[in-house]
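Residue numbers for the sequence shown follow the UniProt record's numbering, beginning at 3 and rising by one. Even for Gly, the Cβ is constructed at its ideal location relative to N, Cα and C. Here's the structure we're looking at; comments come further down.
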Amino acid sequence: NPAARPRDTIAAIATAPGRGGIGVVRVSGSALLPFARALCGREPAPRVATFARFRDADGGAIDEGLVLYFPAPGSFTGEDVIELQGHGGPVVMQMLLARCVELGARLAEPGEFTKRAFLNGKLDLAQAEGVADLIEASTTAAARSALRSLSGAFSSEVTRIRDALIDLRMLVEATLDFPEEELDFLERADAFGRLAAVRRSLESLLDRARQGALLRSGLNVVLVGPPNVGKSSLLNRLAGEERAIVTDIAGTTRDALRETIQIEGIPLHIIDTAGLRETSDEVERIGIARTWREIERADVIVRLQDAGAAADSADTAAIDAALPGQVERIVVRNKIDLLGQAPGRIEADGMVTLQLSARTGDGIDLLRAELLRVAGWHAHGEDLVLARERHLAALRGALEHLAQAAQRVHALELFAEELRLAQDRVSEITGEFTADDLLGVIFSRFCIGK
Ligand code: GDP
Ligand code: ZN
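See below:
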């Protein structure tokens, strides 16, 4: 994408806001040596740490520290990069940044350094996303997977699949020129065996990517049910501490409360909801409206019932009817301690019902295991990829085109077209084939200075 190659100089504070021993201002642009000379009074040698006094326009000292100079193209962005390591105070850092602006830099936008690295071919898009994911990782497992993406392990798998598709396309395109005997020719070249192999590779990658996506963003679990069935108690039990307000008065949980817990490294965002019921109380009504918004984003709905209640209350039936149809559901019969029942799991008509007690904790392990099961989590090796929704969509899209292709072997033009569409979808992941507006969306979510 050489048309988009940026040329102006950008600068940002690269370290986290606040106070620290060291703070770093990062500058990227073309031909930064004069910039360094003006700022430090000397030209720093490439790729070694140079002690320097950072000066203002009058030659007065702003701070002193280390300057690192990485000449293009051997830098993170592929341009000249200068890193100024000063003392990590917000005022000093601001003064240093202001001086860089005075020398002609402009303030960098979020993710702009990484975006330049992408535009200059230093990273592909999946690797660039790995940078952001590593910074944002909330568990060690997620961090490890992000590093795999960053170092290109995910990208090289994607590239292998893309290359296999290109080979297959070349074969089919060549056949198009010899319309008689075409199927024979493809059979002999094992075109259909190769198509099946590509589909298997894509499916394996999608499976590992789905697992990685779980590690990255976790799962939204919404606890629903009429007042007093024990939603808040269950949330507390899962979270292992007293967070939500538990009371005996129906309707007291007015806000949707979120708690993030981890099961096997997967973040589960558990939402305790206000009792979903008709009410004239304004505050409660606001809580209920919020609950419905949470439910719209749910991955799993845990529907609580009181084990002692004869059947589903009218409330529960109404809630059930209104819940989104696609979302996974688990039914929990709570308060079995009051009935002296044992915890258990019953599966009927594809619906799982768990019996447990939020008060005693009996059966909570069943719920944890069930949450992992509906999430599609299974044991894995070290080869997870920390995928994003964007990657999953591309992998799924490619698989759909290959499924179409498999049904079009008697119409070779269409067969070839489906292969081409599949290749485009796969290439979106590394950004070979990516719309500019998507780049804007991806990089604007980075932090400043990255
Ligand atoms: P919510 O309105 O659905 O959030 O229900 P709460 O969690 O506030 O619980 C309502 C009442 O039921 C409280 O008095 C809880 O102590 C009680 N409770 C919740 N779970 C259990 C349970 O498993 N066994 C018993 N015996 N009481 C429970
Ligand atoms: Zn509650």
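For residue i, the first and last residue of its enclosing alpha helix (DSSP H)
{"i": "G67", "result": "Careful: G67 lies outside any alpha helix (DSSP H), inside the beta strand (DSSP E) at 63-72."}
{"i": "G267", "result": "That residue, G267, is in no alpha helix (DSSP H); it is neither H nor E in DSSP."}
{"i": "P92", "result": "92-104"}
{"i": "N122", "result": "Looking at the DSSP string, N122 is not in any alpha helix (DSSP H), and its letter there is neither H nor E."}
{"i": "I163", "result": "155-178"}
{"i": "T142", "result": "142-152"}
{"i": "N238", "result": "233-241"}
{"i": "D367", "result": "366-377"}
Terminal residues of the beta strand (DSSP E) in which residue i lies
{"i": "A405", "result": "Where A405 is concerned, there is no enclosing beta strand (DSSP E), although the alpha helix (DSSP H) it sits in stretches over 391-408."}
{"i": "A350", "result": "346-350"}
{"i": "A13", "result": "12-15"}
{"i": "Q357", "result": "353-357"}
Cutoff 6 angstroms; reference residue i; Cβ partners in own chain excluding five residues on either side
{"i": "L404", "result": "R201, A424"}
{"i": "I84", "result": "V29, L34, A38, Y71"}
{"i": "A139", "result": "A145, A148"}
{"i": "G132", "result": "A148, S151, L152"}
{"i": "V69", "result": "C42, P46, T52, A54, L86"}
{"i": "A130", "result": "T116, F120"}
{"i": "R299", "result": "N222"}
{"i": "P73", "result": "P48, D82"}
{"i": "R196", "result": "L170"}
{"i": "L401", "result": "L204"}
{"i": "V376", "result": "V302, E330"}
{"i": "I450", "result": "A14, P112"}
{"i": "residue 470", "result": "Residue 470 lies beyond the range of the chain shown here (3 to 452); nothing can be said about it."}
{"i": "G399", "result": "R427"}
{"i": "A371", "result": "none"}
Supposed close pair residue i, residue j - CB separation, criterion 8 angstroms
{"i": "L105", "j": "V27", "result": "So it is not a contact: roughly 12 angstroms between Cβ atoms."}
{"i": "T163", "j": "L207", "result": "A small correction: the amino acid at residue 163 is Ile; Thr does not occupy that position in the sequence shown. Sure, about 7 angstroms apart at Cβ, within 8 angstroms."}
{"i": "A407", "j": "E420", "result": "4 angstroms"}
{"i": "S446", "j": "P112", "result": "6 angstroms"}
{"i": "L306", "j": "V411", "result": "So it is not a contact: roughly 51 angstroms between Cβ atoms."}
{"i": "G88", "j": "G20", "result": "That belief does not hold up - the Cβ atoms of G88 and G20 are roughly 15 angstroms apart, past 8 angstroms."}
{"i": "E261", "j": "I268", "result": "Rounded, the Cβ-Cβ distance is 14 angstroms, inconsistent with contact."}
{"i": "A413", "j": "L178", "result": "So it is not a contact: roughly 11 angstroms between Cβ atoms."}
{"i": "A389", "j": "Q357", "result": "Incorrect: roughly 36 angstroms between the Cβ atoms, too far for contact."}
{"i": "D65", "j": "V94", "result": "5 angstroms"}
{"i": "A107", "j": "G31", "result": "7 angstroms"}
{"i": "D274", "j": "K233", "result": "5 angstroms"}
For residue i, the residue or residues it bridges with in DSSP
{"i": "D82", "result": "G31"}
{"i": "N336", "result": "D308"}
{"i": "V302", "result": "V223, E330"}
{"i": "R57", "result": "A63"}
{"i": "R108", "result": "I12"}
{"i": "Q213", "result": "DSSP lists no partner for Q213."}
{"i": "T52", "result": "V69"}
{"i": "Q425", "result": "DSSP, once it has assigned bridges, lists no residue as partnering Q425."}
{"i": "H89", "result": "I24"}
Other residues of its chain near residue i: CB distance less than 7 angstroms, five sequence neighbours each side excluded
{"i": "T355", "result": "V333, R335, I348"}
{"i": "L386", "result": "S147, R210, Q213, G214, L217"}
{"i": "A5", "result": "Since pLDDT at A5 reaches only 45, below the 50 mark, its modelled position is unreliable, and the value read off the structure follows with that caveat. If we look at A5 and ignore the five residues flanking it on each side, it has no Cβ neighbours."}
{"i": "G90", "result": "T17, R21, G22, G23, I24, G25"}
{"i": "S157", "result": "D126, A128, Q129, T432"}
{"i": "L167", "result": "V200, L421, A424, Q425, V428"}
{"i": "residue 479", "result": "Not covered by the structure: residue 479. The range shown for the chain is 3 to 452."}
{"i": "R9", "result": "S32"}
heavy atom of the ligand NAD below 7 angstroms from residue i C-beta
{"i": "G242", "result": "Ligands in the displayed structure: the ligand GDP and the ligand ZN; the ligand NAD is not one of them."}
Same chain only: Cβ atoms within 8 angstroms of residue i, ignoring 5 sequence neighbours per side
{"i": "K452", "result": "A16, P112, G113, F115, T116, V133, A134, I137"}
{"i": "residue 453", "result": "Only positions 3 to 452 of the chain appear in this structure, which leaves residue 453 out of reach."}
{"i": "Q264", "result": "T141, L270"}
{"i": "V174", "result": "L188, A193, L414, F417, A418, L421"}
{"i": "M353", "result": "R331, V333"}
{"i": "L374", "result": "I265, E266, I268"}
{"i": "V103", "result": "A13, L109"}
{"i": "T161", "result": "T432"}
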